[in-house]
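Enquirer: Sharing a structure below in structure tokens format, with a few things to ask.
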Amino acid sequence: MYDITNLLIRLKNNLNAKSIILLIHNGLGVLNEIKKHLPQLRVISGVSTVGAYLEKAFTVRAFLNGKFYLGQGIGKFTPNETKTICAAFAAAALPYQWLDNIQPILWEKFAINCSINLLTALLGCKNGALLSHQKILKQLTSEAAQVLCAYGVNMSADDLFCKVIDVIEGTADNYSSMYKDVENNKQTEIYYLNERLMTLAHQKELVTPTHSELLNKFYRTFPKQTFGG
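In terms of UniProt numbering, the sequence shown is residues 1 to 229.
This is how it looks when you write it as structure tokens:
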């Protein structure tokens with residue numbers, strides 16, 4: 001995720017006004033980067049609640065009890081264009097839903113990932129193991145919910161906690177993307193998740209002590225994961 005914008009910049013000579021980028025990713029901030037560097041590019045935003053991880057070369061373990069949510073990211077799209085995108089998901093038998101306003105779902109997924117991914121990386125565990133750490137999950141979701149509310153996203157701490165538990169139970173045997181990135185010595189999405197949450201909180205003069213403590217512990221544990229992506 002941290003190199004999506006650079007990749008699109010390298011591909012800009014192959015893109016034109018009719019090009020459509022479908023971007024399915026975790027975190028917030030990437031769309032702003034794309035719009036800054038490639039303002040004419042049209043992007044459909046996607047959120048996936050389908051869990052999957054690379055088990056070995058050419059083998060992906062997927063948990064298909066989720067759904068793909070699609071919506072307008074940058075630019076405008078004709079009905080035929082959105083119909084074509086949706087038809088591709090239908091042809092692949094992937095559950096999907098087109099949303100007129102995808103922003104609430106983007107924020108919700110962001111908060112859920114901030115509450116799950118970092119913790120699994122620190123604990124070195126599958127998602128399901130977090131069910132034994134509900135006290136800290138409540139602290140994380142409470143802090144994340146207040147940030148969402150500060151930006152106009154109606155989400156109570158209790159509702160977010162329940163959604164996080166639902167995701168953990170639904171993907172109990174799955175590894176989070178951050179866990180797998182750390183395991184494989186790859187750059188994580190930490191900059192667009194927990195660091196982004198901290199930035200958003202600071203802009204609204206909110207405190208997120210649990211997220212701050214875990215983020216600092218993450219950098220101490222994984223020093224190669226440098227600040228700023």
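No residue lacks a Cβ here, since even glycine has one placed at the ideal position from N, Cα and C.
#1: Relative to the alpha-carbon of residue 274, which residue among 20, 37, 114 has its alpha-carbon at the smallest distance?
#2: Taking all protein chains shown into account, decide if residue 11 is buried (16 or more other Cβ within 10 angstroms of its Cβ) or exposed.
#3: For residue 45, list the residues DSSP reports as bridge partners.
#4: Taking the continuous alpha helix (DSSP H) assigned at residue 109, which residues delimit it?
#5: By the 10 Å Cβ neighbour count, where 16 or more other Cβ atoms means buried, how is residue 181 classified, buried or exposed?
#6: Do residue 167 and residue 112 have their C-beta atoms closer together than 8 Å?
#7: Using three-state DSSP, classify residue 163 as helix, strand or coil.
#8: With burial defined as no fewer than 16 other Cβ atoms inside 10 Å of the residue's Cβ, what is the status of residue 60: buried or exposed?
#9: Should residue 184 be labelled buried (16 or more other beta-carbon atoms within 10 Å of its own) or exposed?
#10: Would you identify the three-state DSSP class for residue 200, choosing helix, strand or coil?
Expert: Quick answer:
#1: With the chain covering 1 to 229 only, the question about residue 274 has no answer from this structure.
#2: exposed
#3: 23, 71
#4: 103-123
#5: That one is buried.
#6: yes
#7: helix
#8: exposed
#9: exposed
#10: helix
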